[in-house]
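Using our numbering, read the sequence shown as starting at 38 and increasing by one per residue.
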Amino acid sequence: MTISLHNKQLLKKNTKDVLTIGRYFRKKFGETIYKVPISISGFTCPNIDGTVARGGCSFCENDSFSPNLQEKKPKFKLNPRVKENPYLDNQLKQLELQFNATKSVLKNKFNAQKYMVYFQSFTNTYAPLETLKALYLKALSFDNVIGISIGTRTDCMTDEILDFLEELAKEKEIWVEYGVQSFYDETLVKINRGDNSATIKKWITKTKQRGLNVCAHLIYGLPNETQEMMLNTLEQTIALDVDSIKFHPLYVVKNTLLTNEYNKGEFTPISEELYIDTVVKSIKRLPENISVQRITAGINDDTLLAPLWCKNKHNQIEKIKKALLKENLKY
Ligand code: SF4
Numbered sequence: 038m039t040i041s042l043h044n045k046q047l048l049k050k051n052t053k054d055v056l057t058i059g060r061y062f063r064k065k066f067g068e069t070i071y072k073v074p075i076s077i078s079g080f081t082c083p084n085i086d087g088t089v090a091r092g093g094c095s096f097c098e099n100d101s102f103s104p105n106l107q108e109k110k111p112k113f114k115l116n117p118r119v120k121e122n123p124y125l126d127n128q129l130k131q132l133e134l135q136f137n138a139t140k141s142v143l144k145n146k147f148n149a150q151k152y153m154v155y156f157q158s159f160t161n162t163y164a165p166l167e168t169l170k171a172l173y174l175k176a177l178s179f180d181n182v183i184g185i186s187i188g189t190r191t192d193c194m195t196d197e198i199l200d201f202l203e204e205l206a207k208e209k210e211i212w213v214e215y216g217v218q219s220f221y222d223e224t225l226v227k228i229n230r231g232d233n234s235a236t237i238k239k240w241i242t243k244t245k246q247r248g249l250n251v252c253a254h255l256i257y258g259l260p261n262e263t264q265e266m267m268l269n270t271l272e273q274t275i276a277l278d279v280d281s282i283k284f285h286p287l288y289v290v291k292n293t294l295l296t297n298e299y300n301k302g303e304f305t306p307i308s309e310e311l312y313i314d315t316v317v318k319s320i321k322r323l324p325e326n327i328s329v330q331r332i333t334a335g336i337n338d339d340t341l342l343a344p345l346w347c348k349n350k351h352n353q354i355e356k357i358k359k360a361l362l363k364e365n366l367k368y
């Protein structure tokens with residue numbers, strides 16, 4: 038009994054907290070910050086609308102594969118070349134409605150007090166600058182919002198948008214979330230990413246030079262990638278001095294380009310063991326200042342084709358936490 042208590046104390050003493058984004062925010066703001074995901078209709082992506090490619094990234098579920106959905110949805114889609122955005126008022130209302138709805142859920146469930154608005158769906162800098170300004174300013178005007186996080190692609194960032202975000206960052210917490218996925222150009226071509234490692238490096242560097250916070254999204258299990266390649270992508274991401282990382286496993290959902298490859302036997306999903314091992318190795322390599330925003334992802338409905346271990350995200354998180362504890366890391 039005494040020995041076991043001693044061991045427990047020793048373990049506790051040697052265990053280090055992983056810098057999760059929750060810990061990062063609590064340290065910076067003295068309380069928990071709740072992210073409120075927002076999806077504004079009318080936004081799309083240059084990889085879907087034909088500007089860069091059609092069909093989107095091979096894992097992306099989008100309207101290109103659902104003609105029925107396409108017919109029901111409004112035809113109007115934004116891009117930076119649109120002269121006028123006739124739907125801006127609706128989009129601003131939509132933003133407010135979505136924010137208030139999620140805020141009240143978070144308040145009731147967790148007694149949430151402070152929030153960050155997260156522009157999550159599609160490419161949230163792929164619109165005329167005036168539209169972006171109006172949406173970002175509206176989000177920042179809501180009570181108890183400490184900042185915004187903008188999900189986008191590196192080929193959809195511009196110096197003008199960075200100018201504006203740099204101004205906002207003088208008063209508020211501003212994050213840009215870039216989908217990096219891999220630093221191997223052959224992989225990026227294979228997944229129809231429409232972006233390349235040079236552009237990724239260039240815009241992450243520029244964003245960091247403006248003093249903005251950058252979160253990089255990485256995908257493990259991309260076609261033909263070995264663990265060495267995944268960890269090399271991580272090293273290159275760390276070298277860009279990003280502030281945070283989100284790790285995702287690649288899974289196949291119906292109605293995507295990847296479905297065809299999977300059905301033809303041309304794509305084998307990553308195993309759960311390899312994914313967990315790679316995430317643990319990645320977190321061990323992170324410098325102390327880089328936070329972790331996500332360690333896995335999953336989808337618990339019948340659109341998931343493979344791997345089936347991605348059905349239960351909760352289960353995965355527990356397994357990864359356990360594997361990290363073995364390395365004396367507490368997630
Ligand atoms: S960049 Fe994002 S929205 Fe665009 S196709 Fe890829 S996953 Fe889909």
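All C-beta atoms, glycine included, are put in the ideal place defined by N, C-alpha and C.
Check: Taking the continuous alpha helix (DSSP H) assigned at S219, which residues delimit it?; Outcome: That residue, S219, is in no alpha helix (DSSP H); it is neither H nor E in DSSP.
Check: Can you tell me which residues fall inside 6 Å of ligand 1, judged by beta-carbon distance to its nearest heavy atom, and keep chain order?; Outcome: C82, N84, I85, G93, C94, C97, N99, F159, T160, R190 and G216
Check: Enumerate in chain order the residues of its own chain whose CB-to-CB distance from L268 is below 8 Å, with the five nearest sequence positions on each side excluded.; Outcome: T315, K318, S319 and R322
Check: Beta-carbon separation of Q330 and K283 under 8 Å?; Outcome: yes
Check: In whole angstroms, what separates the C-alpha of E167 from that of F201?; Outcome: 11 Å
Check: DSSP on L106, reduced to helix/strand/coil?; Outcome: With a pLDDT of 48 at L106, under the threshold of 50, the modelled position of this residue cannot be trusted; read the value that follows with caution. It is helical.
Check: Beta strand (DSSP E) containing F284: first to last residue?; Outcome: S281 to P286
Check: Run the CB neighbour count on R190, radius 10 Å, all protein chains shown included, and call it buried at 16 or more, exposed below.; Outcome: buried
Check: State the Cα-Cα distance for the pair P306 and P344, rounded to the nearest angstrom.; Outcome: 6 Å
Check: In the region 149–190, which residue ranges form an unbroken beta strand (DSSP E) of at least 3 residues, counting only runs that do not cross its ends?; Outcome: 151–156 and 182–189
Check: Buried or exposed: A253, going by 16 or more other Cβ atoms within 10 Å of its Cβ?; Outcome: buried
Check: Counting beta carbon pairs with one atom in the region 172–183 and one in the region 225–242, are three or more of them shorter than 8 Å?; Outcome: no
Check: Since N127 is in the alpha helix (DSSP H), which residue starts that stretch and which ends it?; Outcome: L125 to F147
Check: If you follow the alpha helix (DSSP H) that R322 is part of, which residue opens it and which one closes it?; Outcome: E309 to R322
Check: Do you know offhand how far P74's Cα is from E223's?; Outcome: 32 Å
Check: Can you give me the Cβ contacts of Q135 inside the same chain, cut-off strictly under 6 Å, excluding the 5 residues immediately before and after it?; Outcome: I75
Check: Check whether the Cβ atoms of K188 and Q218 lie closer than 8 Å to each other.; Outcome: Checking the displayed sequence, the identity of residue 188 turns out to be Gly instead of Lys. Contact flag unset, no.
Check: Can you tell me whether C97 is helix, strand or coil according to DSSP?; Outcome: coil
Check: I313 and A360 look like a contact to me (Cβ under 8 Å); what is the Cβ gap, rounded to whole Å?; Outcome: 5 Å
Check: Please report how far the alpha carbon of K291 lies from the alpha carbon of L342, in whole angstroms.; Outcome: 6 Å
Check: What residues in its chain sit with their C-beta under 6 Å from that of S234, if we drop five residues either side in the sequence?; Outcome: F220 and D222
Check: Mind checking whether A138 and Y71 have CB atoms under 8 Å apart?; Outcome: no
Check: Taking the alpha helix (DSSP H) that R63 belongs to, which residues open and close that run?; Outcome: I58 to F66
Check: Pull up the distance between the alpha-carbon of L106 and that of K363, whole angstroms please.; Outcome: Low confidence applies here, because L106 scores a pLDDT of 48, under 50, leaving its location unreliable; read the following figure in that light. Looking at the two C-alpha atoms, the distance is approximately 46 Å.
Check: Using the rule of at least 16 other Cβ atoms within 10 Å of the residue's Cβ for burial, across every protein chain shown, is L295 buried or exposed?; Outcome: buried
Check: Restricting to Cα atoms, I'd like to know which of K243, Y163, E197 and K209 is closest to V154.; Outcome: K209
Check: Using the beta-carbon count (16 or more within 10 Å), is G258 buried or exposed?; Outcome: buried
Check: Identify the residues that DSSP records as bridge partners of D54: which are they?; Outcome: K367
Check: For S78, which of helix, strand or coil comes out of DSSP?; Outcome: coil
Check: Taking C-alpha atoms, which residue in Y299, N99, V279 and A334 lies nearest to V213?; Outcome: V279
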